[in-house]
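These protein sequence lines map, in sequence, to chains A and B. Here the first sequence is numbered in the working numbering, starting from -10 and rising by one per residue. Here the second sequence is numbered in the working numbering, starting from -10 and rising by one per residue. Ideal placement from N, C-alpha and C gives every residue a C-beta, glycine not left out.
Protein chains: 2
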Amino acid sequence: MDTALLKPYFTGLQDRIVDSLEKFDGKQFRRDEWTRPAGGGGVTRVIEEGNFFERGGVAFSHVMGENMPLSATAHRPELAGRRFEALGVSLVLHPRNPYCPTVHMNVRSFVAEKENADPVWWFGGGMDLTPCYGFEEDARHFHQACKSTLAPFGADVHQRYKKWCDDYFFLKHRNEPRGIGGVFYDDLNEGGFERCFALTRAVGDSLVDAYLPIVERRKDVPYGERERDFQAYRRGRYVEFNLVWDRGTLFGLQSGGRTESILMSLPPVVKWRYDWHPEPGSAEEKLYTEFLKPRDWV
Amino acid sequence: MDTALLKPYFTGLQDRIVDSLEKFDGKQFRRDEWTRPAGGGGVTRVIEEGNFFERGGVAFSHVMGENMPLSATAHRPELAGRRFEALGVSLVLHPRNPYCPTVHMNVRSFVAEKENADPVWWFGGGMDLTPCYGFEEDARHFHQACKSTLAPFGADVHQRYKKWCDDYFFLKHRNEPRGIGGVFYDDLNEGGFERCFALTRAVGDSLVDAYLPIVERRKDVPYGERERDFQAYRRGRYVEFNLVWDRGTLFGLQSGGRTESILMSLPPVVKWRYDWHPEPGSAEEKLYTEFLKPRDWV
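In structure tokens form, the structure reads like this:
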């Protein structure tokens, strides 16, 4: 295993994705570099009030330390006392047009080492789509991209990671999925470092082609106050998931992570209202009845 | 101890507060009654798009069961196997005018019983204020009301519960208090049931006079887009606290509580933006430099 390849891959991925997104939007992403007192740091690339993206970002982070934090070794005592290194790229994009879905992608690696012992390592990642108004064509495109991306890595991999995604991005307090899913995996080390790194690269590399064709198709669909209002309401679910259920977000906020980079995932404008339900037969209801349920899209 | 007095007090308190708020706003609160399959239920009174209140509510709940939930007995094994009863009133009000502060109040009781053993019981409660533009006069009025309310219960009670409030309503990931505090207490049983119930009644009964004079004074202050925008941004902190740090909210959402009643506390319109800071010398900066720090207001 050659962990020296991890950082160039992740930083290069961030650069390539930001280039593609800037070309699409026409507005440059802000670049914000930060360092972490305990070791490491990151580069957060953010767009706000773009021509197409209302808010979003692509964040690279590289965090390391001489001793695994206690909280991370409670369930894995073999990691206690090891130096560690975690790298990754996270992406969340909130388009302004309510007919264009929000997308999330994350790829990450973790390595814990000590003298005279094999390194412990794993990868995690995935991408998922959260429409406000659903389109079957878009859902099929996104899920087909996920499936093609994972096909070289085993016959059942896509199916397993799709289910993992459906299970993970679920708001238990609403009994409702966050969106229409995609793929998700964690603690991956089966098949060796080269395979797992290759799988993770495949996921990261596929984001642009999985997402941009969808928003290219929808970006000029006209909308009004009704659609913007529903979008703001639905974004409340995104906030609820990220702050109540997402392990990465909670762990980051509760353990002294870089707040602004973590909360880059939150939407720009959000509304809450009491016990609201869409009108029967409306386009808004269709999101709930046809899209917010786990389904085989391809 | 006479636990039969708890329910009439809490439901009466809810009615009295809602009456006062309806008189102030001019719009009626919606009434939503619900039952809980495992026992109990509640009445949630909600206002949205009122003349003064943009969103808010006063919720009564009464939850009981034959066996304490496991999660609640981890730290108190003496409660295992007891039947329990929890009652309370929670209030959160978000005015539309950015010069008028958001207020939160909660009073609650808990009793766990079994045959041939003394009942275990405690009270909790408090109230706190979250301005978006601070006014010393308002802060003094609110804290003076808290102090007068608790004065009959011991010389150091107000000071202790004020500090508890400052400690509890704190966003660690922002290193920032949620607002200007007030009072907070939990697990209260010192001095016996009668005293603790009386103290809790004093807190509940004081809300209207602690809060309404403040918003009466500020409700006609003119404001524009700038103030509304800052208000929406600051409300993001309210969401972050409630969803990331508030034990009651998290426990409720993760354990099958009634979602809409719990999330009645969230503001109607909220904005997030990356790494934003107020202009030096601005009215917005004054909130951070003069109000968002624990301080002796009276």
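{"Item": "Closest Cα partner of Pro211(B) within the set Gln243(B), Tyr88(B), Phe219(B) and Phe131(B)", "Value": "Tyr88(B)"}
{"Item": "Selected residue, minimal CA-CA separation from Gln148(A), among Pro166(A), Gly170(A), Asp176(A) and Arg72(A)", "Value": "Gly170(A)"}
{"Item": "Element boundaries [beta strand (DSSP E), containing Asp264(A)]", "Value": "No beta strand (DSSP E) contains Asp264(A), which DSSP labels as neither H nor E."}
{"Item": "For Leu232(B) and Leu232(A), believed in contact at Cβ under 8 Å, the rounded distance", "Value": "4 Å"}
{"Item": "CA nearest to the CA of Asn40(A), picked from Pro269(A), Phe13(A), Arg184(A) and Asp127(A)", "Value": "Phe13(A)"}
{"Item": "Bridge-paired residues (DSSP) for Asp354(A)", "Value": "Because chain A spans -10 through 287 in this model, residue 354(A) falls outside it and cannot be assessed."}
{"Item": "Same chain only: Cβ atoms within 8 Å of Leu(-6)(A), ignoring 5 sequence neighbours per side", "Value": "Phe186"}
{"Item": "CB of Leu188(A) within 8 Å of CB of Phe131(A), strictly", "Value": "no"}
{"Item": "Closest by C-alpha distance to Thr238(B), when choosing among Leu255(B), Pro26(B), Asp218(B) and Lys136(B)", "Value": "Leu255(B)"}
{"Item": "Within-8 Å CB hit, Glu37(B) to chain A", "Value": "yes"}
{"Item": "Alpha-carbon spacing of Lys275(A) relative to Asp155(B), whole angstroms", "Value": "45 Å"}
{"Item": "Buried versus exposed, by CB contacts within 10 Å (16 or more), Leu242(A)", "Value": "buried"}
{"Item": "Arg190(A) beta carbon near the ligand GTP (any heavy atom closer than 7 Å)", "Value": "Absent from the structure shown: the ligand GTP. Ligands present: none."}
{"Item": "Beta-carbon proximity list for Gln133(B), same chain, < 7 Å, skipping 5 on both sides", "Value": "Val287"}
{"Item": "Beta-carbon spacing of Met57(B), Leu68(B) below 8 Å", "Value": "yes"}
{"Item": "Cβ-Cβ separation, Gly77(B) to Tyr174(B) (assumed contact under 8 Å), whole Å", "Value": "In fact, because the Cβ distance is near 13 Å, the residues do not count as touching under 8 Å."}
{"Item": "Thr33(A) - containing beta strand (DSSP E), residue span", "Value": "Gly29 to Glu37"}
{"Item": "Chain-ordered chain A contacts of Asp21(B) [CB-CB under 9 Å]", "Value": "Tyr263 and Asp264"}
{"Item": "Contact residues within the segment 140 to 171 of chain A, judged by C-beta distance below 8 Å to chain B", "Value": "Lys161, His162 and Arg163"}
{"Item": "Reference Asp127(B); option with closest CA among Asp4(B), Lys208(B), Asp8(B) and Ala144(B)", "Value": "Lys208(B)"}
{"Item": "Min CB distance Lys136(A) to chain B below 8 Å", "Value": "no"}
{"Item": "For Asn178(B), the residue or residues it bridges with in DSSP", "Value": "Per DSSP, none; premise fails for Asn178(B)."}
{"Item": "C-beta neighbour in chain D for Pro257(A), strict 8 Å", "Value": "Considering every chain present, this structure includes no chain D. Its protein chains are A and B."}
{"Item": "Beta carbon proximity, Glu102(A) to chain B, threshold 8 Å", "Value": "no"}
{"Item": "Closer than 8 Å to chain B by CB, Met253(A)", "Value": "yes"}
{"Item": "Those residues which DSSP pairs with Pro166(A) across a bridge", "Value": "Phe159(A)"}
{"Item": "Any C-beta of chain B under 8 Å from that of Val228(A)", "Value": "yes"}
{"Item": "Inter-residue Cα distance where the pair is Phe49(A) and Val228(B)", "Value": "26 Å"}
{"Item": "Arg72(B) - partner residues in DSSP beta bridges", "Value": "Glu102(B)"}
{"Item": "Other residues of its chain near Asp198(A): CB distance less than 7 Å, five sequence neighbours each side excluded", "Value": "Ala134"}
{"Item": "Three-pair Cβ contact test at 8 Å for the segment 251 to 265 of chain B versus the segment 80 to 100 of chain B", "Value": "yes"}
{"Item": "Contact with chain B by Val204(A), beta-carbon distance below 8 Å", "Value": "no"}
{"Item": "Test: Lys275(A) CB closer than 8 Å to a CB of chain B", "Value": "no"}
{"Item": "C-alpha distance - Lys152(B) paired with Pro166(B), whole-angstrom precision", "Value": "12 Å"}
{"Item": "Ser50(B) - partner residues in DSSP beta bridges", "Value": "Gly31(B) and Gly77(B)"}
{"Item": "Where Ala293(A) falls, given that 16 or more other Cβ within 10 Å makes a residue buried", "Value": "This structure cannot speak to residue 293(A), because chain A is shown only from -10 to 287."}
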